[in-house]
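Below is one structure; the comments refer to it alone.
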Amino acid sequence: MTTALTVLHYFYPQYSNNHKAKLLHSPTLFLLSALLLIFQLFIQSLSHSNIKILGYAANISPSEVINLTNQKRVEAGLPALEYSAPLTQAAKAKGEHMIAQDYWAHVAPDGTDPWSFFLNSGYKYRYAGENLARDFTNPSSAVDAWMASPSHRENMLSGKYKEIGIAVVEGDLAGTDTTLIVQLFGTQLSDTSTSVPLALAQPQATAAPTKLPIATLSVTPTVAALVPAIEVTPVISEFPEENFKVGESSQNINKGFSLLLSPFDTTRSVSLAVVLLLLVVMVADAFIVYRKKIPRVSGRFFAHFAFLGMILAIIIIVKAGEIL
């Protein structure tokens, strides 16, 4: 009986709560806000404890990213890209370099450009490209975001690329647990007959390093003259699945206690539940007060309802993930 009265006290307007659901009183709302803040700090603190948070990378397979990329290319009438171990090694090195040097950019603060990772992995390129993504919850959302960006889409659907490498790297970036997806494209120096090499980083073009024998540099070459005609088939290129472990080296799933948790989705779900609860209680409270004709000086129902509705819309619209 006591439990039922307590529930009514918090959710039903009556004499004990001055005819206004206790959940809608200012002290209770402040307490809920404080609890949400504490919960957010707790989620962030898990990354600094002995508990290993398996975030977005646990749901992102490099092989799936390649499959989805090749599907987009085949749909556009282009040949599927072949898996490249050196490009995967370069992608992994780039992701780990961003984590170690704490930056989110194509070019590092110390001036290290993307092409140095190609060369360090032994990949002598004629054409090279890079797409970056962070904090996506699944491969398809990352690929869709790239396809929605004209510059990244140009990389994915470029006819001058023949090979691809993917790495998924987790780590602390700017004080936040982050999952990076590094997507590298390339055509080896010996794969084409033209003597005009080019390296193109999205979204802004960057000239290739001078270490390679470069006769001239052209930012917008004619793709038709560089890429021989290839018959397009809807068959996705095959590659050894075990090779993709190179791109998942940061996922030490078997070391210590692990928790499959997406910090963004967890916080978003809890916030969404709290806002929905407040909206339901507010509507029920206003309806009961109206039916019982209870006078209330500090109602402001519509203002509060509009405010919570705006917060709800923001929570629903906001999504994790960023591309570069």
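Here the UniProt record's numbering is used: position 24 in the sequence shown is 24, and no number is missing along the way. We put the CB at the ideal spot given by N, CA and C, even for glycine.
Sequence-distant residues of its chain with Cβ nearer than 7 Å to residue i (five each side left out)
i           : result
residue 6   : none
residue 22  : 9, 10 and 28
residue 149 : 323
residue 140 : 68
residue 274 : 32 and 36
residue 213 : Summary for residue 213: the model assigns pLDDT 41, below 50, so the residue's position carries little reliability; its value from the coordinates is reported in the next sentence. Contacts found: none.
For residue i, the three-state DSSP class (helix, strand or coil)
i           : result
residue 136 : coil
residue 23  : helix
residue 252 : Low confidence applies to residue 252: its pLDDT is 41, below 50, so where it sits in the model is not reliable enough to give any reading.
residue 99  : helix
residue 161 : coil
residue 112 : coil
residue 293 : coil
residue 10  : helix
residue 104 : coil
residue 78  : coil
residue 153 : helix
residue 15  : helix
residue 307 : helix
residue 94  : helix
residue 124 : coil
residue 61  : coil
residue 300 : coil
residue 174 : coil
residue 314 : helix
Contacts around residue i, its chain only, beta-carbon distance under 6 Å, and the 5 residues preceding and following it disregarded
i           : result
residue 118 : 90, 125 and 128
residue 304 : none
residue 138 : 59
residue 2   : none
residue 65  : 139 and 166
residue 20  : 13
residue 30  : none
residue 176 : none
Same chain only: Cβ atoms within 8 Å of residue i, ignoring 5 sequence neighbours per side
i           : result
residue 39  : 267 and 270
residue 136 : 56, 60, 142, 145, 179, 181, 320 and 321
residue 120 : 90 and 93
residue 163 : 81, 82, 83, 84, 87, 185, 186, 187 and 188
residue 133 : 142, 145, 146, 180, 181, 183, 321, 322, 323 and 324
residue 277 : 23
Residue i - partner residues in DSSP beta bridges
i           : result
residue 180 : 134 and 169
residue 287 : According to DSSP, which records beta bridges pairwise, residue 287 is partnered with nothing at all.
residue 323 : 133
residue 83  : 164
Contact belief for residue i with residue j at Cβ below 8 Å, rounded distance in angstroms
i           : j           : result
residue 122 : residue 167 : Not confirmed; about 16 Å, so no contact.
residue 173 : residue 282 : That pair is no contact at about 39 Å.
residue 152 : residue 288 : Actually they do not touch by this definition, with Cβ atoms about 53 Å apart.
Buried or exposed by the 16-neighbour rule on C-beta atoms within 10 Å, applied to residue i
i           : result
residue 156 : buried
residue 130 : buried
residue 190 : exposed
residue 309 : exposed
residue 17  : buried
residue 109 : exposed
residue 160 : buried
residue 170 : buried
residue 102 : exposed
residue 158 : buried
residue 295 : exposed
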